[in-house]
Amino acid sequence: MTRLVIVSNRVSPPTGEGQANQGGLAVALSSALRETNGIWFGWSGNETETFTGHVNFSKSDGVTTATVDLEPQDIDEYYNGFANRTLWPLFHDRTDLAEFERNFAGGYARVNERFADTLLPLITPEDLIWVHDYHLIPLGAELRKRDVTNRTGFFLHTPWPVARLLTSLPSHAKLVNALFAYDLLGFQCQAWLDSFLYYVHDQFPEAEISDGVIRIGDRTVRVVACPIGIDAGDFAKSATTPEADEARESILRSLEGRDLIMGVDRLDYSKGMEQRFHGYSRLLQDHPEFQEKVTFLQIAPPSREQVASYQDIRRELDALSGHINGEFATAHWVPLRYVNRGYDRLALSGMYRSARAALVTPLRDGMNLVAKEYVAAQDPENPGVLILSRYAGAAEQLQDALLVNPFSPEELADALHQALLMPLEERKTRWRAMMDSVETQDIRWWLKRFLDLLTSEHPPRGSTAEASESSEGADTKEAAQAAASS
Ligand code: ADP
Ligand code: F6P
1 MTRLVIVSNR VSPPTGEGQA NQGGLAVALS SALRETNGIW FGWSGNETET FTGHVNFSKS
61 DGVTTATVDL EPQDIDEYYN GFANRTLWPL FHDRTDLAEF ERNFAGGYAR VNERFADTLL
121 PLITPEDLIW VHDYHLIPLG AELRKRDVTN RTGFFLHTPW PVARLLTSLP SHAKLVNALF
181 AYDLLGFQCQ AWLDSFLYYV HDQFPEAEIS DGVIRIGDRT VRVVACPIGI DAGDFAKSAT
241 TPEADEARES ILRSLEGRDL IMGVDRLDYS KGMEQRFHGY SRLLQDHPEF QEKVTFLQIA
301 PPSREQVASY QDIRRELDAL SGHINGEFAT AHWVPLRYVN RGYDRLALSG MYRSARAALV
361 TPLRDGMNLV AKEYVAAQDP ENPGVLILSR YAGAAEQLQD ALLVNPFSPE ELADALHQAL
421 LMPLEERKTR WRAMMDSVET QDIRWWLKRF LDLLTSEHPP RGSTAEASES SEGADTKEAA
481 QAAASS
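In the working numbering, the protein residues as written are 1 to 486.
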């Protein structure tokens with residue numbers, strides 16, 4: 001098999017201590033890298049006084065990683081700046097939080113150029129190159145400038161924003177133009193792909209778009225909705241290990257017979273935790289019979305702590321959780337347990353299994369893997385209920401969740417009420433349908449689908465080959481109209 005070169009901002013190689021602490025993405029990518037003797041290239045997460053382009057190679061569990069240190073100005077302008085203060089909020093519909101600073105854009109361009117320069121000598125002509133996420137959109141174009149002609153794909157893990165928001169970015173056309181350097185663009189779901197196609201149709205009228213292919217100038221780019229999955233089988237197994245059992249039993253003991261509602265999110269404003277807390281508070285207010293009968297555990301490890309909007313959301317959640325507990329707690333019951341730390345994967349799976357309901361209610365999310373992990377961890381004989389935001393990419397696949405508007409505390413409270421009273425048979429029916437989807441379209445399915453498309457020839461003009469699996473082959477005007485009216 002052709003050697004795979006994966007490029008992402010963060011590199012998470014296998015730990016070599018089993019897979020207990022690893023996400024499915026790292027496991028799946030590692031196995032593909034191992035099979036092809038490939039490399040995983042990206043930022044080490046470390047700082048150096050001056051960027052030298054020195055590559056640190058390391059091999060762990062058969063996977064070679066190649067990482068570079070970045071200088072403080074790069075980290076400020078590229079990672080904390082353009083990636084997380086401009087693109088992240090913009091791609092999650094938070095133009096109010098997006099900061100448009102020229103030096104951020106400059107730092108983003110500079111780091112992508114530095115990545116291209118450093119990666120170039122590591123690439124051989126036959127390699128398949130796969131670039132991940134919003135940090136590295138221009139990397140493909142930078143490689144092309146350096147005469148790299150390899151098959152090169154890009155996968156976006158976040159949503160693609162609606163055109164009228166994206167056009168608020170001063171360099172939006174330049175950014176999107178860079179995407180045309182890739183041979184394949186993957187999006188998490190049809191909604192984000194439609195939104196992208198609408199933008200291209202609107203802003204690049206010269207682009208010819210049909211059958212899941214964009215033709216523009218001398219470039220032909222295939223586009224696909226290819227939802228990322230989890231290692232469902234392995235996650236389900238994790239949830240029944242002795243470590244997971246211990247985590248589950250210890251939580252259940254602490255609940256003293258109460259039902260558990262659970263949320264697990266990076267501490268990010270896109271995850272809708274504030275609205276979720278209000279929804280829970282509304283449940284306790286409108287249905288006082290649940291007071292002292294339920295406990296809500298929200299796990300939220302801090303994230304991107306250098307960025308002010310993340311410091312703000314942390315302060316707001318600290319205050320709100322204190323307020324809710326102050327209002328409803330009794331001498332024997334704390335209604336909301338708000339925990340700012342990470343958990344081992346096995347412990348987390350056991351905790352998911354102990355929860356009668358999960359609140360996965362991002363305001364906007366590319367996919368949301370927590371939703372899939374919660375489903376995979378359930379006991380088939382007594383599964384919990386997934387309450388899922390309509391605005392998570394996962395909602396396209398998990399239609400049997402209780403789908404909610406995450407902005408509405410009333411709707412969240414109603415869904416919680418329904419989940420807590422849902423009869424076993426309905427819980428089982430909903431869970432089975434969701435589990436089928438999580439198992440079928442798992443992480444290996446995703447990896448294979450993307451790589452198969454990346455290695456295959458583009459469909460010839462006028463072909464409808466792509467249309468067979470989903471609507472991504474639909475005529476762009478239709479997709480554009482659908483996106484505009486949604
Ligand atoms: P995002 O990529 O935006 O953080 P996802 O839901 O897609 O959101 O992925 C989050 C991943 O991080 C999941 O695999 C989840 O299990 C993991 N995770 C989130 N919070 C914790 C935590 N407190 N402890 C351990 N893992 C966590
Ligand atoms: O899933 C989106 C994403 O931005 C990933 O690219 C990233 O690794 C993850 O969230 C966590 O964010 P960060 O790498 O900034 O801590």
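Don't be surprised by glycine CBs; every beta carbon is placed ideally from N, CA and C.
Exposure of residue i, with buried meaning 16 or more beta-carbon neighbours within 10 Å
i	result
Phe-290	buried
Val-68	buried
Glu-373	buried
Lys-477	Any answer about Lys-477 is weak, because its pLDDT of 46 lies below 50 and its placement is not dependable; what the coordinates show is given next. Lys-477 is exposed by the Cβ-count criterion.
Ala-376	buried
Ala-308	exposed
Glu-411	buried
Phe-235	buried
Pro-159	buried
Lys-448	exposed
Thr-149	exposed
His-92	buried
Glu-469	Low per-residue confidence applies at Glu-469: pLDDT is 43, beneath 50, and the placement is therefore not dependable enough to give any value.
Pro-380	exposed
Phe-180	buried
Asp-318	exposed
Pro-125	exposed
Beta-carbon contacts of residue i that lie in its chain and below 7 Å, excluding the five residues immediately before and after
i	result
Gln-397	Pro-227, Ser-437, Gln-441
Ser-321	Phe-277, Leu-336, Tyr-338
Ser-238	Ala-244, Arg-345, Leu-346, Ser-349
Thr-118	Gly-53, Val-55, Val-68
Gly-18	Residue confidence is low: Gly-18 scores 45 on pLDDT, short of 50, so the model does not pin down where it sits. Its coordinate-derived value is still stated next. Same-chain partners within the cutoff: there are none.
Phe-204	Ile-216
Ala-433	Asp-400
Ala-413	Gly-279, Arg-282, Leu-283, Asp-286
Asp-475	Low confidence applies to Asp-475: its pLDDT is 45, below 50, so where it sits in the model is not reliable, and the reading given next is rough at best. If we look at Asp-475 and ignore the five residues flanking it on each side, its Cβ neighbours are Ser-210.
Gly-342	Pro-301
Asp-259	Lys-293, Val-294, Arg-356, Leu-420
CB contact flag (residue i, residue j, <7 Å)
i	j	result
Leu-386	Arg-151	no
Pro-283	Leu-421	Looking at the sequence shown, residue 283 is not Pro but Leu. Not closer than 7 Å, so no.
Trp-40	Thr-2	no
Gly-53	Arg-34	no
Arg-430	Asp-400	yes
Leu-252	Leu-128	no
Gly-153	Tyr-182	yes
Leu-184	Arg-146	no
Arg-314	Leu-267	yes
Phe-407	Gln-275	yes
Gly-366	Gln-188	yes
Ala-116	Leu-143	yes
Phe-100	Pro-170	yes
Arg-353	Arg-248	yes
Leu-29	Ile-6	yes
Gly-263	Leu-369	no
For residue j and residue i, believed in contact at Cβ under 8 Å, the rounded distance
i	j	result
Pro-49	Glu-71	Checking the displayed sequence, the identity of residue 49 turns out to be Glu instead of Pro. That belief holds up - the Cβ atoms of Glu-49 and Glu-71 are roughly 6 Å apart, short of 8 Å.
Thr-295	Pro-335	7 Å
Gly-384	Ala-355	5 Å
Leu-363	Ser-281	Not confirmed; about 18 Å, so no contact.
Ala-419	Ala-357	4 Å
His-172	His-132	Rounded, the Cβ-Cβ distance is 21 Å, inconsistent with contact.
Leu-388	Ala-395	6 Å
Beta-carbon proximity list for residue i, same chain, < 6 Å, skipping 5 on both sides
i	result
His-135	Asn-9, Ala-83
Leu-97	Pro-89, Ser-309
Asn-103	Glu-77
Gly-81	Phe-104, Gly-107
Gln-462	Residue identity differs from the one stated: residue 462 is Gly in this sequence, not Gln. Excluding sequence neighbours, Gly-462 sits near nothing in its chain.
Cβ-based neighbour list, residue i, same chain, cut-off 8 Å, excluding 5 preceding and 5 following
i	result
Glu-466	Because the pLDDT at Glu-466 is just 47, under 50, the model does not fix this residue reliably, and the point stays unresolved.
Thr-95	Pro-89, Leu-165, Ser-168
Ser-250	none
Ala-329	Pro-335
Arg-427	Asn-382, Pro-383, Gly-384, Val-385
Residue i Cβ short of 6 Å to the ligand MN heavy atom set
i	result
Asn-368	Because the ligand MN does not appear in the structure shown, any question about it cannot be addressed here, the ligands present being the ligand ADP and the ligand F6P.
Closer than 7 Å to chain B by CB, residue i
i	result
Leu-179	Given the protein chain composition of this structure (a single chain), no chain B is represented.
Q: Could you please go through the chain and list the residues whose beta-carbon is closer than 5 Å to any non-hydrogen atom of the ligand F6P?
A: Here the list is Arg-10, Asp-133, His-157.
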